[in-house]
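Structure first, then comments.
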Amino acid sequence: MIRFGVIGTNWITDRFLDAASRVEDFELSAVYSRTEEKAKEFAAKYNIDNTFTDLEEMAASGKIDAVYIASPNILHAKQSIIFMEKGKHVLCEKPAAINTGELQEMVTAAKENNVLFMEALKTTFIPSFQSIKANLPKIGQVRRFVSVKNQYSSRYDAYRNGTVLNAFKPELGNGALMDIGIYCVLPVISLLGMPKSIYAQGMMLATGADGEGTVLFNYEGMEAVAMYSKITNSTIPSEIQGEDGSIIIDSISDPHKVEIQYRDGTVEDISMKQEENTMYYEICEFVDLVKKGKTESALQSFQLSANTMSILDEARKQIGIEFPSDRPS
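Read in order, the letters of the sequence shown are residues 1 to 329 in full-length UniProt numbering.
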């Protein structure tokens with residue numbers, strides 16, 4: 001049994017624990033929050049006795065083997081390293097860091113302490129995404145990949161009414177590119193590899209956070225475009241266009257319905273039967289790796305995380321998105 005602590009008491013942690021309840025050898029053992037009241041309130045929902053308001057104390061305790069980190073983006077690297085230095089395995093929500101330098105520090109800490117570190121970016125583990133990868137040769141030479149995720153944030157209503165919540169605070173490492181755009185970028189990198197160059201543009205809000213944007217990827221003989229937003233919704237699917245057909249993907253971050261439409265008009269459903277809450281698959285991977293004594297996932301490898309982060313770094317530079325930790329201390 002792998003004993004987990006959780007950092008973050010928001011909806012994503014509830015969603016994580018819902019998926020984890022179906023994973024063999026997962027046990028929730030401890031909860032961290034900045035306030036004792038919130039920690040105890042969250043722990044009570046899951047009948048957990050161990051609560052912490054001090055990260056160092058939690059990391060040094062014998063109560064957990066691993067931790068799931070779902071705090072604001074700006075805290076991911078620092079918190080992950082605290083736990084890895086105490087010999088705890090870390091599953092960190094995407095983006096695992098807010099720049100390449102931070103990510104490298106996390107990977108170094110994992111290697112030096114011989115623990116598992118994995119970015120919790122669920123897409124790569126989902127069976128229907130694995131099916132896309134396996135069936136990609138069927139559409140012939142890929143010429144274009146349109147990767148789309150536009151998800152109107154409920155917190156944008158507050159912003160429009162004059163209240164700025166965490167989702168639109170750049171000092172927390174948030175914004176459309178980091179919170180939503182990463183879901184569009186990673187599949188492009190995973191399926192097509194690194195581009196020769198990118199061109200990025202976005203719409204900045206008054207807070208300094210980006211509300212939406214586009215990244216164009218330039219490859220030899222093909223191109224890709226990532227379109228993402230936290231201030232609009234979209235009804236269009238994502239699509240990989242090849243010379244012999246196209247793969248239509250209902251949701252790039254959470255693919256359930258996937259089919260190939262061939263040029264002759266025939267359609268092949270390549271969707272896989274899978275759990276509705278697809279966080280299940282990343283947790284299964286993580287628990288299995290811990291049990292096997294592995295320190296890196298082959299599906300969400302350090303290199304894939306690093307390649308994705310390098311694209312986010314360059315896109316932020318071109319768009320003009322700055323976070324406090326980008327500046328020298």
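Cβ atoms here follow ideal geometry from the backbone N, Cα and C, with glycine treated the same way.
Checklist entry - So what does SER229 bridge to, in DSSP terms? => result ASN150 and GLU212
Checklist entry - Would you call the CB atoms of THR51 and VAL31 closer than 8 Å? => result yes
Next on the checklist: For a test of the three-state rule: what should DSSP assign to ILE270, helix, strand or coil?
Outcome noted: coil
Checklist entry - Can the beta-carbon of PHE117 be found closer than 8 Å to that of THR123? => result no
Checklist entry - Closest to ASN99 by CA distance: which of MET178, GLU57, SER29 and ASN113 is it? => result MET178
Item to check | Inter-stretch contact (C-beta, 8 Å, three-pair minimum) for the stretch 232-247 and the stretch 143-159 | outcome: yes
Checklist entry - Just reading off the alpha helix (DSSP H) that SER305 is part of, what are its end residues? => result 302-319
Item to check | Residues that LEU91 bridges to, as DSSP identifies them | outcome: TYR68 and MET118
Checklist entry - What is the DSSP secondary structure of VAL290, reduced to helix, strand or coil? => result helix
Checklist entry - Among TYR156, ILE180, VAL215 and LYS88, which one has its Cα closest to the Cα of GLU314? => result VAL215
Checklist entry - Cα separation between THR235 and ASN150? => result 9 Å
Next on the checklist: Spatial neighbours of ILE82 within its chain, please: C-beta separation below 8 Å, excluding the five flanking residues on both sides.
Outcome noted: LEU55, GLU56 and ALA59
Item to check | Own chain partners of LEU304 with C-beta closer than 8 Å, once the 5 adjacent residues on each side are dropped | outcome: THR124, LEU186, ILE189 and SER190
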